[in-house]
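In our numbering, the protein residues as written are 363 to 537.
Glycine included, every Cβ here is placed at the ideal spot set by N, Cα and C.
Taking it in order: structure first as structure tokens, then the write-up.
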Amino acid sequence: MLRKGTLMAEGLVDSERDPQGEPIFSLPGRQITIGLVLTGVACAGLGISASSVLLPVFGMQVMDGTWLAAILGASSALVGNLLGLAVLWPPARRPASTWTSLWMAASGLRIMATGGLAALLYFRSPGEPRVFVLVTGFTYLALLVVETAIIAVVLGPALGRMPPKASGNKNPSAP
């Protein structure tokens, strides 16, 4: 639960650690999903605007379906990222090592799903194919940045306040 007026993650981070000393936390799934959808829509709009302005500058013709190519490119990256996010559901409390393994699985699925959708839609997208490719790549990177920023803003301060891991070393002079 987020406190009113802040982005602090109350209820997402346990103050205790698991037996191995790792922090236990859950991801802010709703905030990540909303952030990804809003970023995907914004990237589609930015792709439409940029293609109608930049294509004539580089001597290319703005075709009728250029706006659809931008929407399809942003959609393929958004759907691929949402499928990768599905690996992380449900956002239950788990140790940090479990989250890193799930994050790697989600990243692999994102890459494969986005690449597969982009390959399927590339030959069907009307207009300039370079617009499709550029919007797909830009949207994919923007979605990763937004997801990482949301996790850092929401979970970072809460994880930073956790007490340090108890050292098993009984000798105070040893590092």
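Using the C-alpha atoms, what's the distance from residue j back to residue i?
i, j, result
"residue 491", "residue 458", "41 angstroms"
"residue 433", "residue 410", "8 angstroms"
"residue 506", "residue 414", "26 angstroms"
"residue 418", "residue 412", "10 angstroms"
"residue 380", "residue 501", "37 angstroms"
"residue 508", "residue 423", "32 angstroms"
"residue 539", "residue 479", "Because the chain here runs from 363 to 537, residue 539 falls outside it and cannot be looked at."
"residue 401", "residue 384", "32 angstroms"
Just to check my reading of the structure: residue i and residue j have Cβ atoms closer than 8 angstroms, yes? What is that Cβ distance to the nearest angstrom?
i, j, result
"residue 504", "residue 405", "5 angstroms"
"residue 445", "residue 398", "Not a contact, Cβ separation roughly 11 angstroms."
"residue 497", "residue 421", "Actually they do not touch by this definition, with Cβ atoms about 20 angstroms apart."
Going by DSSP, name the residue or residues bridged to residue i.
i, result
"residue 385", "379"
Whose CA, out of the options, lies closest to the CA of residue i?
i, options, result
"residue 386", "396, 374, 426", "374"
"residue 395", "511, 499, 460", "511"
"residue 388", "428, 473, 408, 461", "461"
Does the separation of the CB atoms of residue i and residue j fall below 8 angstroms?
i, j, result
"residue 493", "residue 431", "yes"
"residue 325", "residue 464", "With the chain covering only 363 through 537, there is no way to say anything about residue 325."
"residue 516", "residue 393", "yes"
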